[in-house]
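First residue of the sequence shown? That's 8 in my numbering, and the numbers climb one at a time after it. Ideal Cβ positions, reconstructed from N, Cα and C, are used throughout, including at glycine. Treat the numbers as computed from the prediction; the structure is a model and nothing was measured.
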Amino acid sequence: MTSFGKIFIGFLVTLLINTYFANAVWYERNEEQGKVIERTHFKTINSTQLHLREEADKLVSGERRMSSNRWNLVTADEQTAGIGQQNRMWASPPNVNVYATYLIPWPSSKMALQMNIPQTVTVAMAQLLEEIGFKPQIKWINDTYLDEKKVCGVLCETKGLIKGTSENVLLIGIGFNVNMSKDICETLDQPVTSLKVQSGKDWDKDLILEKMNKYLLLNLRKLIHGEFDAIYPDLKKRLIYVGLPLTVNDDGQNYEGICQGIDKKGGLLLKMQNGEEKVFYTGRIVKKPEQKK
Ligand code: BTN
Numbered sequence: 008m009t010s011f012g013k014i015f016i017g018f019l020v021t022l023l024i025n026t027y028f029a030n031a032v033w034y035e036r037n038e039e040q041g042k043v044i045e046r047t048h049f050k051t052i053n054s055t056q057l058h059l060r061e062e063a064d065k066l067v068s069g070e071r072r073m074s075s076n077r078w079n080l081v082t083a084d085e086q087t088a089g090i091g092q093q094n095r096m097w098a099s100p101p102n103v104n105v106y107a108t109y110l111i112p113w114p115s116s117k118m119a120l121q122m123n124i125p126q127t128v129t130v131a132m133a134q135l136l137e138e139i140g141f142k143p144q145i146k147w148i149n150d151t152y153l154d155e156k157k158v159c160g161v162l163c164e165t166k167g168l169i170k171g172t173s174e175n176v177l178l179i180g181i182g183f184n185v186n187m188s189k190d191i192c193e194t195l196d197q198p199v200t201s202l203k204v205q206s207g208k209d210w211d212k213d214l215i216l217e218k219m220n221k222y223l224l225l226n227l228r229k230l231i232h233g234e235f236d237a238i239y240p241d242l243k244k245r246l247i248y249v250g251l252p253l254t255v256n257d258d259g260q261n262y263e264g265i266c267q268g269i270d271k272k273g274g275l276l277l278k279m280q281n282g283e284e285k286v287f288y289t290g291r292i293v294k295k296p297e298q299k300k
């Protein structure tokens, strides 16, 4: 190749790297319980979820390949367009919280457990919080609460089959409020808290992420091998609002009743005013019990 050709190719490679990784602060490779977790960290990104949705499309089309022994993890210091459940906005102020999306190959033989994946992630987050001294509760279907306020939200999506394999792409997005101030928490449209608000001290975000990896792996493996039976007791004992009156919105309709807990598949049990017990596998709690003054 001529020296002009070499310079031109060098220029193109540099341009591509700069365009793709312009904002990527660094890349690291961790091993956790025999699994390789490849992490790319961005200073600012629109959304770690959006970023990995694009990667998911490439895996499905065959444009990219991935070994089943790997997880991809994208984290950021700040998101400019963080996405929450029901396509709501997820507040993602700079430098205070953990914003993380995992891309995980998920066996297609275990797709029936799809509804239980977010619940399992919530159990993992609750165990993490217990390890560092908090007393979390789980709000059906997949919110982690401290002191009746949300500290962690989970957004799970399954994409198609990774081309040439028997595994689907699973995306798990986690927003974990670590050092967000009380002032910011109070500007949000639902009761929200952070570890800092609860404990009065700052927390190391990397420590939280390390424990996230640990508990996610532990519990997702448990779900794959033991199905939801293996997760059910851990979810049941941390469930908030059991025995209290609730309103659940499902498919645009509100249902009122007394919360009876969850069934063996993870559905929410509500005893209605007419005595009938209704089970919800979709929907969300829209009205919690009145707080005592
Ligand atoms: C919820 O509404 O409870 C789910 C919130 C999920 C937020 C996380 S933050 C990291 C990832 N990137 C996003 O844009 N959303 C998820």
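Going by DSSP in three states, E62 sits in which element: helix, strand or coil? helix
With DSSP as the reference, identify every bridge partner of G182, one or two as the case may be. Y106 and G160
Does the Cβ-Cβ distance between Q40 and L224 come in under 8 angstroms? yes
Could you please give me the residues that DSSP links to C266 through a beta bridge? L277
Take D252 and list the residues in its own chain whose beta-carbon comes closer than 8 angstroms to its own, dropping the five residues that flank it on each side. Residue identity check: residue 252 is Pro in the sequence provided, not Asp. Once the five neighbours on either side are set aside, the close Cβ partners of P252 are E263, G264, I265, C266 and P296.
Just to check, is the beta-carbon of A119 closer than 7 angstroms to a non-hydrogen atom of the ligand BTN? no
Here's the rule I'm using: 16 or more other beta-carbon atoms within 10 Å means buried, otherwise exposed. How should T21 be labelled? For T21, the predicted structure reports a pLDDT of 48, less than 50, and the residue's modelled location is therefore unreliable. The matter cannot be settled from this model.
Using DSSP bridges, identify the partner residues of T151. I145 and C159
Environment of the ligand BTN in chain order, Cβ to heavy atom below 5 angstroms: S54, T55, Q56, G89, I90, G91, Q92, W97, Y106, T108, G160, L162, G180 and G182
Give me the DSSP bridge partner(s) of Q86. I52
Have a look at I191 and S68 and give me their C-alpha separation to the nearest angstrom. 41 angstroms
Out of I169, S173, R77 and Y239, which one is the CA nearest neighbour of I148? Y239
What are the start and end residues of the alpha helix (DSSP H) that includes R36? R36 -> not in any alpha helix (DSSP H); beta strand (DSSP E) instead, spanning A31 to E39.
Bridge-paired residues (DSSP) for Q260: D257
Within this structure, are the beta carbons of Y109 and S99 separated by less than 8 angstroms? no
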